[in-house]
Amino acid sequence: MKVNTMADFRARGEKPEVLFWVGCAGSFDQRAQKITKAFATILDKAGIQYAVLGKEEACTGDPARRAGNEFMFQMMAYQNIQVLNGYEIKKIVTTCPHCFNTLKNEYPELGGVYDVIHHTTFLQELIEQGKIKFTDSNEWKGKSITYHDSCYLGRANDIYEAPRKVLESLDMELREMKRCKSKGLCCGAGGAQMFKEEEKGEKRINMERADEAIETKAEFVASACPFCNTMMTDGIKNRDEEVNTSVLDIAEIVAMAIQ
Amino acid sequence: MALIAQLAFSLITGIALFFFGKKLMNIRRNIFLGKSLEIKDAPAKRWSNVLILALGQKKMFHNPLVAILHLFVYVGFVIINIELLEIIIDGIAGTHRIFKPYLGDYYDFLINSFEILALLVLIACVIFFTRRNIVNIKRLRSKDLDGWPKSDANAILIIEVVLMGLFLTMNTTDEEADYLISNLLKPIFSGLDSSTLSAIEHTAWWLHILGIYAFMNYLPYSKHLHIVLAFPNAYYAPLTPKGQMHNMVSIQNEVLYAMQPELAPTTSTAPDKFGARDVMDLSWKNLMDAYSCTECGRCSAACPANNTGKLLSPRKIMMATRDRLEEVGKNLDSNKKFVEDGKSLLHDYISVEELRACTTCNACVEECPVSISPLDIIIELRRSLVMEESNAPVEWNGMFSNIENNFAPWKFSPDDRDAWTKEA
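See the structure below:
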């Protein structure tokens, strides 16, 4: 499978339907790279003309802004908007809710106006339009799964249903955790916490959330954010539950079910 | 004698209203010590928020039992106060139930409704008092409430019970009155002669109205102020997605002028401060949030940091902001202008450790029944910490320099950003 960059498209004098914004985790983190590849595979199989920015992509500035470093954020935003506007980007899909939030809500004021969509919404649309076809022997059918709401997708942007609908379209048995949807508990990574030690307390936030997921006794935990994925995986490993429960991104689940 | 009572009543009414008005103006001034922030968009949506969130108390209904009890207290409080109009006119004119001859049956219907509501308020307040002091509810037992806040909450409930009690006593001992609830209470006073009953009625009447005036003047010092500010706070609540942070236009421009110097104006004025170190650096909406806070703790009960034993409590952020603002207000009152007192919201009232614990998950914002954003204040203080004091954990400084040099928060070579495509 060849992944085209915007530069490749430009060289051919063409434009893709959508830009796949990979994000830093999706580009560099070994676990998150699998999510990236899974999503690229789906796009490929669904016949979507997409491109990535490749080496021209840079951090959106989200963690810097949330940590309080507005200068760093503005520098990154300026740079990214120059690149995106240079390629006349109209539509962006991303597998990271943090990138999604920044691109969708925070870049427009700075001159970067795009139609930004999170990959779970995109997948739900592709399924509804029949562009994604599942194999007849749907191995996910009846498997129990609990979906962990990402704060930057849920509360931050009111997206609760799309990821759940994708799981339902696979006839999976969705089990909700005690705290879900608008009440969902954070994994502990947001607000640039991913990049520092947790403050002192009685328990790690990801352990608190992993315990809730384990309580559902679901075989799988679905995530829609590379950072949530890391936090939940670590939490479940810490409880020695990784044999019973695996954490997968919605894109990975779909990729495994696709024709 | 009657004339003296009328004069005394009029005077007390005037004084009570004067001091209440004065304190409200004082609070208004304090709120506008905050930075200007223009909110004029989407009036229709904003009014609908007032109806749904403030008047309709939508978020309270996450817990229907508590919501209904709260609704009794709130509806009771507002509707029974219609009766105040008659009480005040009676007091000034020296009349007794002045509206009764004009309203006829409708008057009886009104008083019957007030009595039922008064009983419901009384019951709800007793239940709330029990919940607060006997039932072990974590958010109501938190150390956030140690001292004055706990006494404040109990004082409100006790005052409400006493006021409702006086209202019902006043009707029960009124021999001409024939109303639903007070009729049930009449046996308590059976055997007393008319003059004793009349004396009790008058005493209850006076204590009731004096109690109302006292409560009215207590309101602005109490968490109970939410009964007023919940409405404007809902109106001015942000309509943007919760994930969207306030843009700092000054920094946006600074970056723009650094990149494109030809756009820079010849007389550029950089702001004197980045982020918020003290209450005056916050927006007036942040400050109104602080005065609107009911200290209910739903925010802290939902906060992942607070849940796992970290120092951060969003409720405490709001209480600290109000405390500091009151202190600044007093400073202004006694010195005419603010005299530097060597203190600030950041550090003296809210510690670095608290701010560092926030995951910006928006759970506190989502929960708040009166449209407060503790997160907004946390972020503004973080901005001051990082940009004014260069005060960040070592790992964050590493993350900043990685973003600057490698365009990613980790130390990977930007050339490897597309390495995954080769394995795809």
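Residue numbers (our numbering), protein chains in the order written: chain A, 1 to 259; chain B, 260 to 683. Beta carbons are placed, not taken as given, at the ideal position from N, Cα and C, and that holds for glycine. Fair warning: this is a prediction, and the values are worked out from it, not measured in the lab.
Can you check whether the C-beta of residue i is within less than 8 Å of a C-beta belonging to chain A?
i, result
"Lys596 (chain B)", "no"
"Leu541 (chain B)", "no"
"Thr618 (chain B)", "yes"
"Trp679 (chain B)", "yes"
"Lys569 (chain B)", "yes"
"Lys501 (chain B)", "yes"
"Val645 (chain B)", "yes"
"Asn308 (chain B)", "no"
"Phe671 (chain B)", "yes"
"Pro628 (chain B)", "no"
"Arg676 (chain B)", "yes"
Cutting at 7 Å between CB atoms, please list the residues of its own chain near residue i, excluding the five before and the five after it.
i, result
"Ile471 (chain B)", "Leu343 and Leu422"
"Phe282 (chain A)", "Since the displayed chain A opens at 1 and closes at 259, residue 282 (chain A) lies outside it and no answer follows."
"Val645 (chain B)", "Ala651"
"Leu253 (chain B)", "Since the first residue shown for chain B is 260 and the last is 683, residue 253 (chain B) is missing from the structure and cannot be characterised."
"Phe490 (chain B)", "Val309 and Ala313"
"Leu174 (chain A)", "Ile145, Tyr147, Arg164, Leu167 and Glu168"
"Thr553 (chain B)", "Lys482, His485 and Val629"
Taking Cβ positions only, does residue i come closer than 8 Å to chain B?
i, result
"Phe39 (chain A)", "no"
"Gly201 (chain A)", "yes"
"Tyr262 (chain A)", "No answer is possible for residue 262 (chain A): the residues shown for chain A start at 1 and end at 259."
"Asn238 (chain A)", "no"
"Phe71 (chain A)", "yes"
"Asn138 (chain A)", "no"
"Cys225 (chain A)", "no"
"Ile205 (chain A)", "yes"
Using a Cβ-Cβ cut-off of 8 Å (strictly less than) and excluding sequence neighbours within five positions of residue i, which residues of its own chain qualify?
i, result
"Gln33 (chain A)", "Gly26 and Ser27"
"Ile35 (chain A)", "Gly26, Thr95, Pro226, Asn229, Asp249, Ala251 and Glu252"
"Glu345 (chain B)", "Arg356, Ile357 and Phe358"
"Gly502 (chain B)", "Asn621"
What does the alpha-carbon distance come out to for the pair residue i and residue j?
i, j, result
"Pro573 (chain B)", "Val624 (chain B)", "9 Å"
"Phe278 (chain B)", "Phe268 (chain B)", "16 Å"
"Thr41 (chain A)", "Thr60 (chain A)", "24 Å"
"Ser182 (chain A)", "Thr146 (chain A)", "15 Å"
"Lys133 (chain A)", "Ser542 (chain B)", "51 Å"
"Val538 (chain B)", "Arg288 (chain B)", "13 Å"
"Ala549 (chain B)", "Ile286 (chain B)", "11 Å"
"Val254 (chain A)", "Ala189 (chain A)", "25 Å"
"Lys282 (chain B)", "Met547 (chain B)", "15 Å"
"Pro497 (chain B)", "Ser632 (chain B)", "9 Å"
"Leu185 (chain A)", "Arg179 (chain A)", "6 Å"
"Ile609 (chain B)", "Ile347 (chain B)", "45 Å"
"Asn85 (chain A)", "Tyr114 (chain A)", "9 Å"
"Glu14 (chain A)", "Tyr87 (chain A)", "11 Å"
"Met507 (chain B)", "Ser593 (chain B)", "34 Å"
"Phe368 (chain B)", "Asn340 (chain B)", "15 Å"
"Gln511 (chain B)", "Val611 (chain B)", "26 Å"
"Phe448 (chain B)", "Thr455 (chain B)", "10 Å"
"Pro108 (chain A)", "Lys91 (chain A)", "13 Å"
"Ala156 (chain A)", "Met6 (chain A)", "29 Å"
"Asn665 (chain B)", "Leu328 (chain B)", "56 Å"
"Ile48 (chain A)", "Val247 (chain A)", "27 Å"
"Met231 (chain A)", "Cys187 (chain A)", "6 Å"
"Arg676 (chain B)", "Gln124 (chain A)", "28 Å"
"Phe291 (chain B)", "Lys589 (chain B)", "15 Å"
"Met75 (chain A)", "Pro563 (chain B)", "31 Å"
"Thr619 (chain B)", "Val420 (chain B)", "40 Å"
Please tell me whether residue i and residue j are closer than 8 Å, where the distance is taken between their beta carbons.
i, j, result
"His119 (chain A)", "Ser223 (chain A)", "no"
"Glu176 (chain A)", "Lys569 (chain B)", "no"
"Ile382 (chain B)", "Arg390 (chain B)", "no"
"Ala218 (chain A)", "Ser169 (chain A)", "no"
"Asn492 (chain B)", "Ser630 (chain B)", "yes"
"Glu460 (chain B)", "Asp437 (chain B)", "no"
"Tyr78 (chain A)", "Val514 (chain B)", "yes"
"Phe260 (chain A)", "Leu43 (chain A)", "Nothing about residue 260 (chain A) can be read from this structure; chain A reaches only from 1 to 259."
"Glu374 (chain B)", "Ile440 (chain B)", "yes"
Starting from residue i, find everything on chain D with Cβ-Cβ shorter than 9 Å and list it in chain order.
i, result
"Asn244 (chain A)", "Absent from the structure: chain D. Protein chains present are A and B."
Could you name the residues of the same chain whose beta carbon sits closer than 6 Å to that of residue i, not counting the 5 residues immediately before and after it, in chain order?
i, result
"Lys104 (chain A)", "Val116"
"Tyr160 (chain A)", "Gly154 and Lys181"
"Phe39 (chain A)", "Thr95, His119 and Ala251"
Can residue i be considered in contact with the ligand ADP, in the sense that its beta carbon sits closer than 7 Å to one or more heavy atoms?
i, result
"Ala67 (chain A)", "Here there are no bound small molecules, and the ligand ADP is not part of this structure."
- Item | Completely contained beta strand (DSSP E) runs for the region 6-93 of chain A, where each covers 3 or more residues | The region 6-93 of chain A contains these whole beta strand (DSSP E) runs: 18-21.
- Just list the beta strand (DSSP E) runs in the region 509-580 of chain B, keeping only unbroken ones of 3 residues or longer that don't cross its boundaries, in chain order. Listed in chain order, nothing qualifies, since the region 509-580 of chain B has no complete beta strand (DSSP E) run of 3 or more residues.
- Where in the region 315-399 of chain B do unbroken runs of the alpha helix (DSSP H), each at least 4 residues long, occur, reported from the N-terminal end onward? 323-339, 341-352, 359-362 and 364-392
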